[in-house]
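Chains as they are written, first to last, in numbering that gives the first Met the number 0: chain A, 0 to 258; chain B, 0 to 318; chain C, 0 to 297. Just below is one structure, and these are the notes that go with it.
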Amino acid sequence: MSAITGVVAINTFREAVRDRVLYNLVFFALLLIGAAILVGQISIGIDRLVIVNLGLSAISVFGLVMAVFIGVGLVCKEIEKRTLYSLLSKPIRRWEFVIGKYAGLLLTLLLNTVFMSFGLAVALFYVGRPFVRSDVSILVAIYLILLEFALVTALALFFSCFSSPMLSILFTLSIYITGTFAADIREFGDFSRNPALKAITRALYYVIPNFHNFNAIASAGHGQSIPFSLVWQDTLYAVLYVVLVLFASSITFSVRDLK
Amino acid sequence: MSNPAIEILGLTKDYPSGFWRRKMRRSLDSLTLQVEEGEVLGFLGPNGAGKTTTMKLLMGLIFPTAGNARIRGRSIEDISTHKLIGYLPEQPYFYDYLTARELLNYYARFFGYDADAREKRVSHFLEMVGLSTSADVQLRKFSKGMLQRVGIAQAILHDPPVVFLDEPMSGLDPVGRREVRDIILQLKQDGHTVFFSTHILSDAEMLCDRVAVLVGGKLQGVGAPSEIVSVQIHSMEIFFEGREGHSLPRAVIEQATHLGGRYRVEVAESELYPALEQLRSCDARILSISPVRPTLEDYFLHLVERQKVQNHAVEVEVR
Amino acid sequence: MTSSARTRIRRQLLCLPLFFIAIGVMQAHIDANAASVNVVGEDLLLRSGLLIQKLSLGYNSLLADIYWTRAVQYYGSRVGAPGAKFDLLWPLLDVTTTLDPSLIPAYRFGAIFLSEPGNVGAGRTDLAIQLVKRGIGANPDEWRLGTELGFLYYWRMKDYPNAAAAYLATSKNPKAPPWVKLMAARIEDKGGSIENSRIIWRELYESTKDPVIKNDAARQLQILTAQDDEMHLDELVDEYRQRFGHWPMSLEQIRAAGLLPGIPVDPVGVPYVLGPDGKSRLNPASPLANNPGSNPAH
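Set out below in structure tokens:
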């Protein structure tokens with residue numbers, strides 16, 4: 000059962016790796032990290048801060064772009080191209096297909112993040128900063144960014160199961176932006192005197208995925224360590240949400256007529 | 000008696016249509032059909048008759064509004080049934096970034112073969128469909144005919160007892176079609192059950208043990224190709240000629256077709272004897288009398304005409 | 000779709016709300032944890048308001064609102080904590096007002112809390128003045144901003160000529176009420192006095208809707224009242240000395256001498272005391288005693 004999922008995952012991974020767009024994105028990310036070195040040199044004394052901030056932001060942004068743009072095509076591109084017809088006539092359950100596609104993309108993102116992180120390490124090395132203990136916070140920040148990818152990919156996949164690529168991108172990005180500003184939205188509501196608005200924004204805050212949970216870039220920049228309790232809580236949160244979305248995706252895809 | 004290879008019971012599919020998607024369009028109406036082991040069944044019908052819908056229902060790509068089906072006794076809702084079937088979709092697409100070999104290898108993985116067995120099978124079937132030389136070319140570079148062959152290969156590489164082919168000859172040149180015909184005959188010889196849909200009648204007549212005719216979502220008839228057409232005998236044809244020295248009456252000649260010295264006339268079965276009398280009375284020499292065998296084509300067109308009239312007359316609103 | 004498949008799907012769908020509940024609980028835990036640990040989340044890497052404006056792709060006022068919310072939240076989460084610093088308050092307000100120069104509440108907030116010293120504010124009157132001047136420049140119609148400027152010069156910097164000038168300038172706005180011009184004249188005349196201060200703070204108290212500022216103004220008014228009381232008490236101390244020839248040791252003595260009906264209490268109900276220097280003052284235990292606000296008259 001999970002073997003089938005693995006088969007689909009590896010194939011998805013292979014497809015992503017053969018996609019030239021991916022290489023362009025990674026290239027640009029590395030370019031940005033390189034640029035960070037220049038920027039760092041302009042601002043005296045905070046070169047490490049700038050490199051870490053810019054580098055981690057680049058990893059985050061580019062990974063996000065990949066997650067969204069490839070993610071929304073995961074299922075609907077196969078439907079559109081009708082490659083699914085012959086595939087689903089094989090002994091493979093619908094949910095195995097969906098989860099397999101997800102795992103494949105996640106694997107791709109993981110690999111790309113490793114590459115980009117390596118680039119970041121090289122950049123830090125280049126400016127002559129030997130690695131210190133507090134750099135663990137950078138690794139933690141990258142881990143949290145990966146959690147963020149996992150969630151965004153799941154969302155993109157979900158929309159891919161029933162919506163066109165254009166709409167899926169719109170929906171996924173909307174949720175991402177809303178989720179990033181979730182805390183601010185809640186404060187808007189608290190601020191206002193309208194009890195209905197307060198209730199709505201509060202409910203919204205707990206329902207939408209709060210992506211700011213996964214943003215530890217500032218901490219990493221200052222070398223401030225992130226408490227382990229927060230890390231495992233964030234992990235649990237991400238896992239719960241990802242499972243929810245994957246579950247919903249499986250259900251959606253299992254009842255869908257492939258016209 | 001063991002289970003039939005394919006058992007379809009009252010399979011129905013409605014699609015929502017119209018702007019508000021409230022009206023239902025019935026694209027398959029209560030199809031009931033049985034195919035025995037080792038049979039080759041041709042599924043005939045014009046475009047839009049519901050042939051592809053039927054196949055997709057059997058493959059679990061779409062879900063029936065009513066009815067069910069069984070393959071060798073196993074319900075189509077059971078995923079393990081897919082081990083027993085091979086499917087070639089209409090106008091197939093495959094992952095174009097893979098090579099033919101990689102694609103077949105990928106699909107083979109779903110059946111649990113180990114790496115060695117996979118390699119052997121893939122090579123064998125690539126050869127069988129004549130793609131050994133292009134095995135390592137990316138599928139995006141394949142022609143339509145080549146894709147069709149890959150499609151057949153992926154449908155049969157796990158040796159399924161029941162093979163479904165949706166329009167396997169479409170888009171092929173005569174050589175390609177002959178090759179596909181040969182493959183189907185080979186499959187039959189090896190004991191597979193083949194269910195294939197086509198709108199090319201000559202292929203059906205040549206290959207099938209039985210044909211099932213679908214028009215407008217409804218099954219019009221099932222039987223051996225000859226059976227189907229034999230049902231429709233309505234008329235007889237008479238070949239005759241004039242005796243030497245005698246010319247035939249103008250009235251008679253006008254009704255007949257002149258074929259180089261001979262004449263052919265078609266009469267309704269009920270009019271046969273009066274016609275013969277008339278010919279005898281003008282001293283024509285009767286050469287032969289035989290029933291007019293309408294081809295499958297005639298039967299077909301007749302059905303399509305009838306369906307058109309039906310659709311016109313009544314607007315079906317199925318809830 | 001068979002009915003068994005349908006029921007299975009239905010059952011699966013029912014599980015979804017459970018997930019949401021678990022997620023909500025998790026989020027609450029994370030929030031609690033993050034708050035207690037005071038995780039760094041606040042680095043305004045982009046401090047340039049103009050840069051942000053360019054990047055905001057036209058959604059200036061929306062972003063301004065977000066930054067304004069953050070500024071208020073930033074202040075609110077810190078105030079009262081011992082040793083609190085408000086380093087980011089200025090950048091936050093700077094960005095806010097650059098993105099939306101008409102966000103008037105931001106100017107007022109900044110005027111007060113950028114300039115407040117101690118652990119109640121950033122203690123940067125210069126920045127406050129800069130902020131308010133920007134506000135006046137962008138919103139010449141808002142007469143109240145002129146009074147903020149006047150407030151800053153008067154209260155924080157004790158710069159009476161500039162204060163009077165600010166009040167005068169803004170009084171020229173036809174919408175400005177008469178007290179503004181009056182204020183200009185009074186400062187011109189008397190410089191700093193309890194009465195002037197009281198007018199300014201009372202005006203602030205009455206005009207603001209922001210509860211934080213209102214509280215602050217109320218407190219300041221109480222302090223001013225206390226100062227008034229102290230002045231009167233000092234007069235009584237003098238009288239005591241004139242009568243009895245020595246300085247009183249406590250207010251109790253003054254009361255016993257019949258000069259006071261009882262021990263007077265400050266606006267929050269804590270009795271005044273006599274300090275070692277012989278001057279009356281607030282009881283150190285009184286909440287008003289920790290006031291970092293400065294009084295021009297003492």
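Backbone N, C-alpha and C define an ideal beta-carbon position, used for all residues, glycine too. Everything numeric in this text was worked out from a predicted model, so none of it was measured.
- Contact annotation: in the stretch 85-105 of chain A, residues whose CB is within less than 8 Å of a CB in chain B are Ser85, Leu86, Leu87, Ser88, Lys89, Pro90, Ile91 and Arg92.
- Taking 8 Å as the cut-off, the beta carbon of His157(B) is found no closer than this to the beta carbon of Gly259(B).
- Looking at the DSSP output, Arg284(B) shares a beta bridge with Glu240(B).
- As computed with DSSP, Gly41(B) is found in a beta bridge with Phe195(B) and Val210(B).
- For Asn10(A), no Cβ of chain C is located within less than 8 Å of the residue's own Cβ.
- For Leu113(C), none of the residues of chain A pass the 7 Å Cβ criterion, the least Cβ distance being about 20 Å.
- Bridge partners of Tyr86(B) according to DSSP: Phe163(B).
- The stretch 156-175 of chain B makes contact with the stretch 76-96 of chain B; the number of CB pairs closer than 8 Å reaches 3 or more.
- Under the criterion of beta carbons closer than 8 Å, Phe93(B) and Leu138(B) qualify as touching, at roughly 5 Å.
- The beta carbons of Ser196(B) and Asp165(B) sit closer together than 8 Å.
- Rounded to the nearest whole angstrom, the CA to CA distance from Ile183(B) to Arg209(B) is 14 Å.
- Around the beta carbon of Cys160(A), 16 or more other beta carbons lie within 10 angstroms, which makes this residue buried.
- The bridge partners DSSP lists for Ser136(A) come to none.
- Using a Cβ-Cβ cut-off of 7 Å, Arg17(A) is close to Tyr96 of chain B, given in chain order.
- By the neighbour-count criterion, in which 16 or more other beta carbons inside 10 Å mark a residue as buried, Asn195(C) falls on the buried side.
- The stretch 5-24 of chain A makes contact with the stretch 100-117 of chain A; the number of CB pairs closer than 8 Å reaches 3 or more.
- Put simply, of Arg133(C), Gly82(C) and Trp246(C) the residue whose alpha carbon is nearest the alpha carbon of Val119(C) is Gly82(C).
- With 16 or more other CB atoms across the displayed protein chains lying within 10 angstroms of its CB, Pro90(A) is buried.
- With a 10 Å radius around the Cβ and a threshold of 16 neighbouring Cβ atoms, Met205(B) comes out exposed.
- Each of Leu218(B), Ser246(B), Met58(B) and Ala99(B) was checked against the Cα of Ile75(B), and the nearest Cα belongs to Met58(B).
- As the crow flies, the alpha-carbon of Leu91(C) is around 6 Å from that of Ala70(C).
- Take Thr177(A), set aside five residues on each side of it, and the residues of its chain with a beta-carbon closer than 6 Å to its own are Ile207, in chain order.
- Put simply, the CB of Glu14(A) is near chain B, with a gap under 8 Å to one of its CB atoms.
- Between Gly54(A) and Leu119(A) the beta-carbon gap is near 4 Å, inside 8 Å, which marks them as a contact.
- Each residue's CA atom was taken as its position, placing Ile22(C) and Asn52(A) some 29 Å apart.
- Exposed is the label assigned to Leu37(A), since fewer than 16 other Cβ atoms lie within 10 Å of its Cβ.
- As DSSP reads the structure, Val264(C) sits in a beta bridge with Pro270(C).
- The residue from Leu87(C), Leu88(C) and Tyr106(C) with its alpha-carbon nearest to that of Thr96(C) is Tyr106(C).
- Using beta-carbon distances, His28(C) counts as an interface residue toward chain A, with a partner under 8 Å.
- Between the C-alpha atoms of Leu113(C) and Phe18(C) there is a straight-line separation of about 45 Å.
- Looking at the DSSP output, Pro15(B) bridges to Met23(B).
- Between Val214(B) and the set Tyr112(B), Arg21(B) and Thr51(B), the nearest pair of CA atoms involves Thr51(B).
- Between Ile7(B) and Leu43(B), the CB-CB gap reaches or exceeds 8 Å.
- In this structure, Leu167(C) lies near Ala183(C), with their beta-carbon atoms less than 8 Å apart.
- Using a CB distance cut-off of 8 Å, Tyr262(B) does not count as an interface residue toward chain A.
- Tyr66(C) counts as buried, since no fewer than 16 other beta carbons sit within 10 angstroms of its beta carbon.
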